[in-house]
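Enquirer: My questions will all concern the structure given below.
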Amino acid sequence: MIRRPWPALILWAALWAGAHVLEHGWSWHFLRAGARALVSGHPLSLYALHPELQMGPLAFVAAAPFSLLLPEQPGEILALIAMTGIGLLALREIRTLTGASRHAPERNRRWFLASLVILPVWAEVAVHWGHLDDALALLAALIGLRLLRTGHPIAAAVLFALAVDCKPWAVPLAALLLLAPRRRWLPVALVWGVVVAAAWAPFILGDPQTLTALRFAIPIDPASTLRLFGTPGDSTPGWDRYVQLGGAFALAAVAVWKKRWAGAFLIVFAVRMLLDPATKNYYDVGLVIGAGIFDISLALTVVPWLSIAAVLLVYLPSYALMGLTTERSILRTVVLGLLVVAVFVLPLTRWYRLPSSADAAEPAEVRRAAR
């Protein structure tokens, strides 16, 4: 196994970022528009006036330096480079929270192989699409999970809330806060709620039309699970977002309760994709990261098979089966469903039951709650 993984991973990330140079930043204009709206004459009407902006306010704040302080093209390029760097930071968080290190060579090998699988898909969200909101939400959630695993539930609540402030799909990841000791659940929930409200409440109170705008509907993709099961209408049904967020939270909470915390990330993204009207392939990065965390933590084999399956059977068909919507929809739905089932049925190995290196400094109470 390579002794110095980071130079290899940086080169691998640069290679896949370069693969998207000719078609890059497809959604960056949304971030640019949101950042400019924040400094307009009606900043609190941002969502009411621009319901198509489905990112959180924190993402627009983060996009502001690239959009407002730099010329348009250089600002976009620097933002795409920064998002590629965020992917490497995400890998570092995964390494820490799963206990992989040079002193744990088997775990480190699993982490390195999973990282090689994750980075090509990360290039989609970072370079091809330019979704700073998703990149920041993923990083914040991973930092939050690492803080939970090292006995800092309040700080973790702040990070999970910041993820929601970047992108609302992160709401179900709050189920991971159940890893905190029970006596800390109330303060953890309060902190999470306050930080979420601090970002979103000004817009809701400043312009009541914001709530209507947040129900913005998008067309149902022919390759989506919703279309496969005959969901009527051409756009997002009114019940969908509630079931999507609530169902993901409930299943992730069950995973935590069943001592399968490492699969909660995977569950949240699988459920999101099963119930989303769109099938954009940048959604897949959260799924592959979740599969990677579970692969490394479960330690069934050195090869990250779930991560590879997510790439081969969910991500790649978005290109390979582009014109075969029914076939892609069936394959996508079956694989996503099986990934959720895998979290609950794959056997927990001895390593998974033992404290990881990340747990070493935790109080015994936190270790018991986390597992």
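When the letters of the sequence shown are read in order and numbered with the numbering used here, they come out as residues 2 to 372. Ideal Cβ positions, reconstructed from N, Cα and C, are used throughout, including at glycine.
Would the stretch 104–113 count as touching the stretch 291–311 if we require 3 or more Cβ pairs under 8 angstroms?
Expert: In short, these stretches touch, since the Cβ pair count reaches three.
Enquirer: Please check the pair residue 29 and residue 77, which I expect to be a contact at CB under 8 angstroms, by giving their CB distance rounded to whole angstroms.
Expert: That belief holds up - the Cβ atoms of residue 29 and residue 77 are roughly 5 angstroms apart, short of 8 angstroms.
Enquirer: Using the three-state DSSP reduction, which class does residue 298 fall into: helix, strand or coil?
Expert: Looking at residue 298 - three-state DSSP - the assignment turns out to be helix.
Enquirer: Considering only residues of the same chain and omitting the five flanking positions on each side of residue 230, which have a CB-CB separation below 8 angstroms?
Expert: Within the same chain, residue 230 has no close Cβ partners at all.
Enquirer: On the criterion of 16 or more Cβ atoms from any shown chain inside 10 Å, does residue 129 qualify as buried, or is it exposed?
Expert: So residue 129 ends up on the buried side.
Enquirer: Whole angstroms is fine: what's the gap from residue 4's alpha carbon to residue 297's?
Expert: Between residue 4 and residue 297, the C-alpha separation is close to 18 angstroms.
Enquirer: Using CA coordinates, which residue listed in 208, 15, 32, 227 is at the minimum distance from residue 137?
Expert: Closest by alpha carbon: 32.
Enquirer: In chain order, which alpha helix (DSSP H) runs of at least 4 residues are fully inside the stretch 112–188?
Expert: Entirely contained in the stretch 112–188, the alpha helix (DSSP H) runs reaching 4 residues are, in chain order, 133–150, 154–167.
Enquirer: In the DSSP assignment, what residue or residues form a beta bridge with residue 220?
Expert: DSSP lists 236 as partners of residue 220.
Enquirer: Measure the C-alpha to C-alpha separation of residue 189 and residue 22 and round it to an integer number of angstroms.
Expert: Between residue 189 and residue 22, the C-alpha separation is close to 42 angstroms.
Enquirer: Can you list, in chain order, the residues of its chain whose CB lies under 6 angstroms from that of residue 308, leaving out five sequence neighbours each side?
Expert: Correct list, in chain order: 115, 118, 289, 292, 293, 296.
Enquirer: Going along the chain, which residues of its own chain have a beta-carbon closer than 7 angstroms to the beta-carbon of residue 367, five neighbours each way excluded?
Expert: Note on residue 367: pLDDT 36, under 50, position unreliable in the model; no value is reported.
Enquirer: Which residues bound the alpha helix (DSSP H) around residue 82?
Expert: That run of the alpha helix (DSSP H) goes 73–98.
Enquirer: Since residue 123 contacts residue 158 with CB under 8 angstroms, what's their CB separation in whole angstroms?
Expert: About 26 angstroms; that fails the 8 angstroms criterion.
Enquirer: Starting from residue 1 and walking both ways along the alpha helix (DSSP H), at which residues does that stretch end?
Expert: Past the boundaries of the shown model lies residue 1; the chain is included only from 2 to 372, so the question cannot be answered.
Enquirer: Excluding the 5 residues flanking residue 11 on each side, which residues of the same chain have their C-beta closer than 6 angstroms to its C-beta?
Expert: Closer than 6 angstroms at Cβ, skipping near neighbours: no residue.
Enquirer: Do the CB positions of residue 45 and residue 217 come within less than 9 angstroms of each other?
Expert: No, they are not a contact pair.
Enquirer: Please identify the residue among 106, 260, 252, 38 whose C-alpha is closest to the C-alpha of residue 303.
Expert: For residue 303, the nearest C-alpha among the options comes from 106.
Enquirer: From the DSSP output, read off the bridge partner residues of residue 102.
Expert: BP columns for residue 102 point to 105.
Enquirer: Once DSSP output is grouped into helix, strand and coil, what is the label at residue 41?
Expert: The answer is coil: DSSP assigns residue 41 none of H, G, I, E or B.
Enquirer: Of the choices 277, 121, 126, whose alpha-carbon is the least far from that of residue 13?
Expert: Comparing Cα positions, the closest option is 121.
Enquirer: Apply the 10 Å Cβ neighbour rule to residue 84 and answer buried if 16 or more other Cβ atoms are within range, or exposed otherwise.
Expert: Buried is the call here.
Enquirer: Rounding to the nearest angstrom, what Cα-Cα distance links residue 27 and residue 125 in this structure?
Expert: Going by the C-alpha atoms only, they are around 10 angstroms apart.
Enquirer: Where does residue 4 sit, in a helix, a strand or coil, going by DSSP?
Expert: Residue 4 falls in the coil class under three-state DSSP.
Enquirer: Locate the alpha helix (DSSP H) running through residue 57, then write down its first and last residues.
Expert: From DSSP, residue 57 is part of no alpha helix (DSSP H); its letter is neither H nor E.
Enquirer: Would DSSP call residue 30 helix, strand or coil?
Expert: In this structure, residue 30 counts as helix in the three-state DSSP scheme.
Enquirer: Judging by CA-CA distance, which residue of 154, 169, 7 is the nearest neighbour of residue 102?
Expert: Nearest C-alpha to residue 102: 7.
Enquirer: Where does residue 226 sit, in a helix, a strand or coil, going by DSSP?
Expert: Here residue 226 sits in helix by DSSP.
Enquirer: For residue 154 and residue 164, what's the separation of their Cα atoms in angstroms?
Expert: Rounded to whole angstroms, residue 154 to residue 164 spans 15 angstroms at the Cα level.
Enquirer: Which of helix, strand or coil does DSSP assign to residue 231?
Expert: If DSSP states are grouped into helix, strand and coil, residue 231 belongs with coil.
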